[in-house]
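I have placed the structure first, in the form of structure tokens, so that the comments after it can refer back to it.
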Amino acid sequence: MPPKSKSRSVPEGGVTISGCCDTLKGSPTPVINEVTGKPVRKVEAVTKLWSHALKGEKQREEVLKFQPLLPLMVLMEKGSPEERMAACGTLYALAQSPKHVQEVVNNRVRGQGG
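FYI, the numbering for the sequence shown is 1 to 114, going by the UniProt record's numbering.
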């Protein structure tokens with residue numbers, strides 16, 4: 001029987017959810033992908049968040065605990081076309097949570113109004 005994965009092992013894709021959120025928020029210290037050894041780009045980080053959020057409610061909760069909504073809104077407005085698409089997809093996936101749909105939608109509406 002294989003051992004259970006530990007949180008300290010190399011994460012799937014080489015970067016953790018918290019690392020993705022740090023990249024999204026513009027961390028002054030670049031987050032390094034543990035598989036490639038290269039800095040994580042914003043589009044890579046957002047795509048990972050999107051993929052993770054699509055897996056289920058537990059994963060959406062994990063993403064939301066790092067408060068990525070405002071940086072996702074900014075990226076959707078000012079990012080490259082690839083970043084905008086990934087941010088939009090991530091917000092869509094996060095809005096699938098009945099518990100958090102209001103939070104996601106309210107942030108989006110506030111982001112447009114300001």
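The beta-carbon is built from N, C-alpha and C at its ideal position, and this holds for glycine as well.
Alpha carbon of Glu-103 to alpha carbon of Leu-69, nearest angstrom: Along the sequence shown, one-based indexing puts residue 103 at 103. Along the sequence shown, one-based indexing puts residue 69 at 69. Per the coordinates, the alpha-carbon of Glu-103 lies some 9 angstroms from the alpha-carbon of Leu-69.
Proximity below 7 angstroms, CB of Thr-90 to CB of Leu-72: Here residue 90 corresponds to residue number 90 of the sequence shown, with the count starting at 1. Here residue 72 corresponds to residue number 72 of the sequence shown, with the count starting at 1. It is a contact, given that the beta carbons lie within the stated cut-off.
Option in Val-74, Gly-13, Ala-93 with minimal Cα separation from Glu-57: Here the question's residue 57 lines up with position 57 in the sequence shown. If you compare the alpha carbons of Val-74, Gly-13, Ala-93 with that of Glu-57, the shortest gap goes to Ala-93.
Cβ pair Val-31, Val-40 closer than 7 angstroms: Locating residue 31 in the sequence shown gives position 31, where the first residue counts as 1. Locating residue 40 in the sequence shown gives position 40, where the first residue counts as 1. The answer is yes: Cβ separation under 7 angstroms.
For Gly-37, the nearest candidate out of Val-15, His-100, Pro-28 (CA to CA): Walking along the sequence shown from the start, residue 37 turns up at place 37. With distances taken between Cα atoms, Gly-37 lies closest to Val-15.
Coil, strand or helix - Pro-81 by DSSP: Counting from one through the sequence shown, the residue named residue 81 turns up at place 81. Pro-81 sits in a helix when the DSSP states are folded into three classes.
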